[in-house]
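Right, one structure below, let's go through it.
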Amino acid sequence: MIAFPVLLIACGAQLGSAARVSVSNMREDACEFPCGAATAAKDGISFTIGSGKDITYTPSATTCLTKCSVVTGGMFGSSCADKGGEKVAKDGSSKLCCTSMTCPETTTTTTAEPTLEEKFECKPGQGAAATTYHETGDNSFESCAALCDADAECQGFDFTEAESTHPELFGSNPTMKKKDSCRLYKANKPRFDEKSHRTYCSKQGSEEEEPVEEEEEPVEEPVE
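Quick note: the sequence shown uses our numbering, first residue 120, plus one each step.
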């Protein structure tokens with residue numbers, strides 16, 4: 120009758136030991152301080168990692184510290200070896216003892232930048248008359264779209280692959296051949312038609328005014 124409770128106590132001690140091992144293993148898998156941390160605070164003491172007399176440990180972005188404890192030096196003080204760790208910092212008579220471990224791998228998810236084709240919706244046509252605010256000789260979708268994409272004010276553009284020019288006599292640099300293959304617009308009423316030999320592209324999400332659909336001119340029938 121006496122051996123029975125003793126057996127239970129022994130079993131309980133074994134279970135408690137197993138529980139402590141489980142907790143210990145969980146702690147070993149976790150970083151107590153961020154990877155590559157230059158400072159660490161433990162038990163109210165702030166340590167500079169890698170700093171102090173006889174410290175050889177150097178913080179690294181690929182390693183972190185775990186199972187840290189503070190020990191006090193002196194004649195009757197403990198050493199980091201007693202704690203099963205490495206001395207990583209010292210502040211006065213206090214030493215920070217830790218186990219160094221490799222930082223867990225992290226997965227970084229990047230979102231692909233939309234292409235210019237995805238940023239603009241294009242149809243045959245041109246912007247509203249006399250509303251363009253910037254004109255260049257860029258005569259391709261890619262080059263003209265890049266200009267509009269980089270300009271927050273630009274709501275759309277039209278372009279032609281031909282070398283297009285027009286006279287500009289009242290600007291700061293008067294010329295008879297102002298290049299205008301690419302024309303940028305703020306909010307305007309685009310004119311969609313096939314006759315302009317241009318392509319109008321609206322920036323996705325832009326707040327443009329209602330577009331104007333060009334009507335075909337009626338063809339008069341010959342009088343007999």
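Note that the Cβ used here is the ideal one computed from N, Cα and C, for glycine as well.
**Item:** Complete beta strand (DSSP E) runs within the region 231–303 (minimum length 3 residues, chain order)
**Value:** Whole beta strand (DSSP E) segments, 3+ residues: 239–245, 251–255, 275–278, 284–287, 294–298.
**Message:** Let me check one thing: in DSSP terms, what residues is Ser219 bridge-paired to?
**Reply:** Ser219 pairs with Leu184.
**Message:** Can you look up Lys202 in the DSSP assignment and give me helix, strand or coil?
**Reply:** Helix, per DSSP.
**Prompt:** Any idea if Leu184 is buried or exposed, counting beta-carbon neighbours within 10 angstroms, 16 or more meaning buried?
**Reply:** With 16 or more other Cβ atoms within 10 Å, it is buried.
**Prompt:** Alpha carbon to alpha carbon, what distance is there between Asp201 and Cys187?
**Reply:** Rounded to the nearest angstrom, the gap between the Cα atoms of Cys187 and Asp201 is 13 Å.
**Asked** Mapping DSSP to helix, strand and coil, what is Cys320?
**Response** Strand at Cys320.
**Prompt:** Do you know whose CA, among Thr175, Arg302, Cys217, Ala249, lies nearest Ala265's CA?
**Reply:** Looking at the Cα atoms, Arg302 is the closest of the given residues.
**Prompt:** Are the Cβ atoms of Cys216 and Cys199 separated by less than 7 Å?
**Reply:** The answer is yes: Cβ separation under 7 Å.
**Prompt:** Lys214 and Lys172: beta carbons closer than 7 Å?
**Reply:** Going by C-beta atoms, Lys214 is not nearer than 7 Å to Lys172.
**Item:** Burial state of Ala247, where buried means 16 or more other Cβ atoms lie within 10 Å
**Value:** So Ala247 counts as buried.
**Reduced DSSP secondary structure (H/G/I, E/B, other) of Asp210** = Strand at Asp210.
**Request:** Measure from the alpha carbon of Lys305 to the alpha carbon of each residue in Ser262, Ala249, Leu235, Tyr176, then state which is nearest.
**Result:** Nearest C-alpha to Lys305: Ala249.
**Request:** Flag this pair as yes or no: are the beta carbons of Phe311 and Lys242 separated by less than 7 Å?
**Result:** Yes. Within cutoff.
**Request:** Could you pull out every residue in the same chain whose Cβ sits closer than 6 Å to the Cβ of Glu313, ignoring the five residues on either side in sequence?
**Result:** Around Glu313: Pro243.
**Message:** Beta-carbon within less than 6 Å of Ala138's beta-carbon, same chain only, minus the 5 sequence neighbours each way: which residues are those?
**Reply:** With a pLDDT of 34 at Ala138, under the threshold of 50, the modelled position of this residue cannot be trusted; read the value that follows with caution. Residues of the same chain with their beta carbon placed closer than 6 Å to that of Ala138 are lacking, with the five preceding and five following residues left out of the count.
**Message:** Using only the alpha-carbon positions, how far apart do Phe260 and Asp268 sit?
**Reply:** Spanning the two alpha carbons is a distance of roughly 12 Å.
**Request:** Would you give the residue range spanned by the beta strand (DSSP E) that Ala159 belongs to?
**Result:** If you look at Ala159, you'll find it in the beta strand (DSSP E) that goes 158–161.
**Prompt:** What is the residue span of the beta strand (DSSP E) that Ile168 lies within?
**Reply:** No beta strand (DSSP E) contains Ile168, which DSSP labels as neither H nor E.
**Asked** In terms of DSSP beta bridges, what is Thr177 paired with?
**Response** In the DSSP secondary-structure assignment, Thr177 is not bridged to any residue.
**Request:** Can you check DSSP and say which residues form a bridge with Thr191?
**Result:** In the DSSP output, where bridge partners are listed per residue, Thr191 has Ser213.
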